[in-house]
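Numbering (numbering that gives the first Met the number 0), first residue to last: 0 to 152.
Scroll down for the structure; my scribbles are underneath it.
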Amino acid sequence: MADIDATDRLLLGMLQQDASLSLNELAEAVNLTTTPCWKRLKRLEEAGILKRRVALLDPVKLGLSFIAFVQIKTSDHSQAWYNRFVVTVNEFPEVMEFYRMAGEYDYMMKVQVADMSAFDAFYKKLVNSIQGLTNVTSTFAMEPLKYTTALPL
């Protein structure tokens, strides 16, 4: 666990909600002047807690409303295969999240594309680019009920 205090948590929470806030706005909200506030943010960045500041886009307005969860089993659990697999999957921009799992499946990924046709094209590229997959199962989201990028601080 990182060594952060209540002011750090407040700053991080504010940035999670709106990364475009100015240094002046952040400092005022936590009752600091800009220099101590900047130093806190710099320390949080150097510690790797504040990784980057990004804009969140609306996937529906961009025509990317089709979400699939892909679960994968493999017969090859060697380090070499794992390394190739991770590199290969990371080359697919459609893969939004990618996890090594415990349980029935070895890996799971969240894929976001325009529609079923785009998913089918992704699926074909995936299964044809990686040897050793024994089962690839996909489920599709009907409706997103909760989505957040904000961590519970």
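Think of the CB as a built atom: it goes at the ideal place given N, C-alpha and C, for glycine as much as any other residue.
In the stretch 108-148, which residue ranges form an unbroken alpha helix (DSSP H) of at least 4 residues, counting only runs that do not cross its ends? Listed in chain order, the complete alpha helix (DSSP H) runs (minimum 4 residues) inside the stretch 108-148 are 115-128.
By the 10 Å Cβ neighbour count, where 16 or more other Cβ atoms means buried, how is E24 classified, buried or exposed? If you number the sequence shown from 1, residue 24 lands on position 25. Exposed, since its Cβ has fewer than 16 Cβ neighbours within 10 Å.
Alpha carbon to alpha carbon, how far is E45 from T133? Give it in angstroms, no decimals. Your numbering for residue 133 matches position 134 in the sequence shown. Your numbering for residue 45 matches position 46 in the sequence shown. Straight across, the Cα-Cα distance linking T133 with E45 is about 42 Å.
So, under 8 Å CB-CB, M107 and V88 are touching, yes? Tell me the CB distance rounded to an integer number of Å. The residue you call residue 107 lines up with position 108 of the sequence shown. The residue you call residue 88 lines up with position 89 of the sequence shown. Contact doesn't hold; Cβ gap of about 11 Å is too wide.
Which residue from D105, N30 and A18 puts its Cα closest to that of T6? Counted from its first residue, the sequence shown places residue 6 at position 7. Residue N30 is the option with its Cα nearest to T6.
I'd like the ranges of any alpha helix (DSSP H) spanning at least 4 consecutive residues and lying wholly in the stretch 51-118. Qualifying alpha helix (DSSP H) stretches, in chain order: 78-89.
Among Y81, G12, M100 and Q111, which has the Cα closest to the Cα of F68? On the sequence shown, residue 68 is found 69 positions in, with the first residue counted as 1. Residue Q111 is the option with its Cα nearest to F68.
Got a sec? Which residues, its chain only, sit under 7 Å from T32 by beta carbon, not counting five neighbours each side? For the purposes of this step, residue 32 is taken as residue 33 along the sequence shown, with counting starting at 1. Closer than 7 Å at the Cβ level, and outside the excluded window around T32, lie A26.
Out of curiosity, what's the CA-to-CA distance linking W80 and M100? Mapped onto the sequence shown, residue 80 falls at position 81. Mapped onto the sequence shown, residue 100 falls at position 101. If you take the alpha carbons of W80 and M100, they lie about 16 Å apart.
Determine the burial state of T73: buried for a count of at least 16 other Cβ atoms within 10 Å of its Cβ, exposed for fewer. Reading the sequence shown from its first residue, position 74 is the one you call residue 73. Counting of Cβ neighbours within 10 angstroms places T73 among the buried residues, the total reaching 16 or more.
In this structure, does DSSP put A5 in helix, strand or coil? Stepping through the sequence shown from its first residue, residue 5 is reached at position 6. It is helical.
Please report the straight-line C-alpha distance between F121 and V85, rounded to a whole angstrom. Counting from one through the sequence shown, the residue named residue 121 turns up at place 122. Counting from one through the sequence shown, the residue named residue 85 turns up at place 86. A direct Cα-to-Cα measurement between F121 and V85 gives close to 16 Å.
Using beta-carbon positions only, say whether P143 and I66 come within less than 9 Å of one another. Residue 143 sits at position 144 when you count from the first residue of the sequence shown. Residue 66 sits at position 67 when you count from the first residue of the sequence shown. At the C-beta level, P143 and I66 come within 9 Å of one another.
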